[in-house]
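In the working numbering, the protein residues as written are 250 to 808. Glycine included, each C-beta is placed from N, C-alpha and C at the ideal position. Since the structure is predicted, the reported quantities are computational estimates derived from the model, not experimental observations. First the structure, in the form of structure tokens, and then the observations on it.
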């Protein structure tokens, strides 16, 4: 029997607390089609394949005291027409018009008296195409679970059976031990589960193995007691972190938001570059995004010479092979993006090193426990913690794997998929990456008052992609430069391996600037210094100390 009332989990309750007029905690995304959808079939698809999950028919009731967990309660007046709307783009119905409409809808709060989700079927998009734009509150589920739910509504072939009573169409009758009024609901759920497992076969293994789903997290979560000391260290590290430096991405937020998304780029291109550097697709993509942000900062007259940008990265902690389960089962880790590094090769190596270091740390498990604890606290305390967290970061960076082959929704092929990640606290920058059918798309969401045109960041991202691909195809990339462990550390001496064949490989310049920090330039061939400092420092090195000269004179006389 269906539960009329269900207590919200602590982690879901935390994300409910995070709602704010200037940062709605709502996950948004769309499915793009090259042709119109049958709206009646679309409605039936939602009824049969989405509403079999009760949470999409339940509204949220907050506790009167403001402390404790909210509850899920079935909406007695639920009507699909209050959630699925049909609209059209104004002429010319191009990509810019779609981004403008999505920006408007993104800043509109969901109705708190109804289940916290909404969908808009958008017509008149690019020569007869259409878009299904969906908004779902974060308390219903995280990005991975919601993507899986939406894709479980799709089919792997265009002519799949879509009507409600599948068995009667086939002329078959299934026996059931269920009480007749609930038999229909159980059949819907089972069909949704079967579709979900089919779709799961297409999940990209390349991106699945990235930081979006490190398998060690599951094992670490089983050993929570072992990490009591680690928890103290991680919490102390977070509290002692300095605030992220002021840039164009940080500031007071407004209501208005701006969103944009890139044209899809081929996965094989990114995979080939990653294979060349022995790096994951995620390493390459994060490095490209870092380069794009660096370019935008420079275009906005922000100094980048000694700058890192810290972002919060969601980490999925549920096994993707499991059945679909709504709710939030992810954690957050903090990753520093080295925007101070200009050289794309060195940037890839540094990004790779930083991400690999985090994969072996307990940060994700500890952060997940903290989010659960904050979920049972008051909304005020949770928001205070979120503000503290946001002060130490600049944005949120999410990478979600999608299916590797085309899917069909309401009988039509899905041509593209995009989503935008919500931002916690006072964060004004959201970066989202998703793969689908052999292509990868990047989405940027910003506060309009801070970054009014996120397309500029996307243009920089595409420039980074073209530059890396061009260098790779031309064979102009030195794929094994030596990068110092961290820009704040130095090596005491050059090892024999680094001087193999009598050539000192590329290394960071060892010169010290007037500010007392190490030069960030790349060293020239056969030198420890860049071309700027090479003559100055190596001429000094050629000078012999007076004591050495005297010793040499004494040895000559004695001989």
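Tell me the DSSP secondary structure of residue i in three-state form.
i, result
"residue 264", "helix"
"residue 258", "coil"
"residue 295", "helix"
"residue 303", "helix"
"residue 277", "strand"
"residue 364", "coil"
"residue 720", "helix"
"residue 709", "helix"
"residue 767", "strand"
"residue 380", "strand"
"residue 253", "coil"
"residue 289", "helix"
"residue 593", "helix"
"residue 580", "strand"
"residue 406", "coil"
"residue 390", "strand"
"residue 318", "coil"
"residue 308", "strand"
"residue 702", "coil"
"residue 269", "strand"
"residue 696", "strand"
"residue 602", "helix"
"residue 323", "strand"
"residue 715", "helix"
"residue 738", "Confidence at residue 738 is low in this model, with a pLDDT of 36, below 50, so the placement of that residue should be treated as unreliable; the coordinate-derived value is given next. Of the three classes helix, strand and coil, the one that applies to residue 738 here is coil, per DSSP."
"residue 729", "Only weak support is given to the placement of residue 729: the predicted model assigns it a pLDDT of 49, under 50, and the value that follows is read from those uncertain coordinates. Looking at residue 729 - three-state DSSP - the assignment turns out to be coil, as it is neither helix nor strand."
What is the C-beta distance between residue i and residue j, in whole angstroms, given that I count them as a contact (C-beta under 8 Å)?
i, j, result
"residue 322", "residue 307", "6 Å"
"residue 670", "residue 392", "7 Å"
"residue 405", "residue 656", "6 Å"
"residue 589", "residue 560", "Contact doesn't hold; Cβ gap of about 15 Å is too wide."
"residue 288", "residue 335", "6 Å"
"residue 396", "residue 651", "7 Å"
"residue 302", "residue 338", "With 8 Å as the limit, residue 302 and residue 338 do not qualify as a contact, their Cβ atoms being about 30 Å apart."
With distances taken between CB atoms, is the gap from residue i to residue j smaller than 8 Å?
i, j, result
"residue 597", "residue 528", "yes"
"residue 359", "residue 386", "yes"
"residue 691", "residue 707", "yes"
"residue 673", "residue 645", "yes"
"residue 713", "residue 537", "yes"
"residue 504", "residue 270", "yes"
"residue 364", "residue 324", "yes"
"residue 354", "residue 370", "no"
"residue 519", "residue 689", "yes"
"residue 544", "residue 770", "no"
"residue 663", "residue 280", "yes"
"residue 283", "residue 274", "no"
"residue 675", "residue 502", "yes"
"residue 648", "residue 551", "no"
"residue 497", "residue 350", "no"
"residue 577", "residue 278", "no"
"residue 315", "residue 516", "no"
"residue 388", "residue 581", "no"
"residue 304", "residue 402", "no"
"residue 507", "residue 352", "yes"
"residue 603", "residue 584", "yes"
"residue 641", "residue 493", "yes"
"residue 659", "residue 291", "yes"
"residue 377", "residue 285", "yes"
"residue 257", "residue 319", "yes"
Name the one or two DSSP bridge partners that residue i has.
i, result
"residue 558", "586"
"residue 691", "682"
"residue 282", "379"
"residue 401", "Residue 401 pairs with nothing; no bridge assigned."
"residue 813", "Within the shown structure, residues of the chain are numbered from 250 to 808, placing residue 813 beyond reach of any answer."
"residue 372", "337"
"residue 385", "276 and 366"
"residue 563", "581"
"residue 757", "771"
Let me check you understand the geometry: is the CB of residue i closer than 7 Å to at least one non-hydrogen atom of the ligand FAD?
i, result
"residue 299", "For the structure depicted, the ligand FAD is absent and the ligand set is empty, with no information on it obtainable."
Whole runs of the beta strand (DSSP E) within the region 480-548, excluding any shorter than 3 residues: DSSP runs (the beta strand (DSSP E)) wholly in the region 480-548: 506-510.
Uninterrupted alpha helix (DSSP H) stretches inside the region 327-358 (no shorter than 4 residues): Counting only runs of 4 or more, we get 344-355.
Contiguous beta strand (DSSP E) assignments of at least 3 residues, all confined to the region 629-667: The beta strand (DSSP E) runs of length 3 or more contained entirely in the region 629-667 are, from start to end of the chain, 644-649.
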